[in-house]
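Numbering (mature numbering (1 follows the signal peptide of the UniProt record, and there is no 0)), first residue to last: -20 to -1, 1 to 216.
Structure, rendered in structure tokens:
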């Protein structure tokens, strides 16, 4: 009889603990957030990255004067840069680099809605693991899931920006002059492809800056959801 009473007492106690845990889990900042809520918090962080950091890229010198994302010549074109400087055309080489960055700045301005939509449409398969991962985990996840589609959408924007800012004419002149240098190997680079990839990398770099800030600085969590979600990683 005593044994039965003890078993009944344990069962009741466990049931009470389970009910109590459910109450605790539903308290604010308790860790009872759903995957959907955590995912929405991560999206808010990425959205802030676009609003606060990517927007900086769209201004004049947004790429060119930002050492984190400045677009330099690809390795195969270093010979072009060196060759032009050797024959006194250093200014033309500098103008070519600036033109690449101007095209990226103009393109990001036009294509910002592409990145906003990418964030809205992304599905976090395991939001909690991403939240508790590295300081750039959400940005890396976004990049891995959207880069191919973003490239396809962004490439024609870059091509249009090349023409809009005059980068196509600058580089046509630059390449023509380089190829006319005796004994050099002629080049015909696909700069649209290169700048598209570099500009996308720059966008993700700046989103990552904001994500790290939100993870490390409570003051940057400007919504109640951001505060609740990222409080979980503070306690890991």
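All C-beta atoms in this analysis are idealised placements derived from N, C-alpha and C, irrespective of residue type, glycine included.
Whether residue i touches residue j by CB criterion (7 angstroms)
i           : j           : result
residue 138 : residue 122 : no
residue 99  : residue 201 : no
residue 140 : residue 191 : no
residue 194 : residue 25  : yes
residue 75  : residue 42  : no
residue 63  : residue 164 : yes
residue 39  : residue 94  : no
residue 199 : residue 107 : no
residue 83  : residue 142 : yes
residue 162 : residue 57  : no
Expected contact under 8 angstroms - CB spacing of residue i and residue j to nearest Å
i           : j           : result
residue 180 : residue 127 : 7 angstroms
residue 13  : residue 209 : 6 angstroms
residue 88  : residue 37  : 5 angstroms
residue 157 : residue 69  : 6 angstroms
residue 65  : residue 73  : 6 angstroms
Buried versus exposed, by CB contacts within 10 Å (16 or more), residue i
i           : result
residue 67  : exposed
residue 61  : buried
residue 175 : buried
residue 146 : exposed
residue 216 : exposed
residue 185 : buried
residue 154 : buried
residue 206 : buried
residue 45  : exposed
residue 188 : buried
residue 214 : exposed
Beta-carbon contacts of residue i that lie in its chain and below 7 angstroms, excluding the five residues immediately before and after
i           : result
residue 118 : 22, 25, 26, 110 and 191
residue 52  : 77
residue 151 : 76, 79 and 171
Sequence-distant residues of the same chain with beta carbon closer than 8 angstroms to residue i, five excluded per side
i           : result
residue 105 : none
residue 173 : 135
residue 29  : 119, 186, 187, 188, 189, 190 and 191
Neighbourhood of residue i by C-beta distance below 6 angstroms, restricted to the same chain and skipping five residues each side
i          : result
residue 34 : 183 and 186
residue 31 : none
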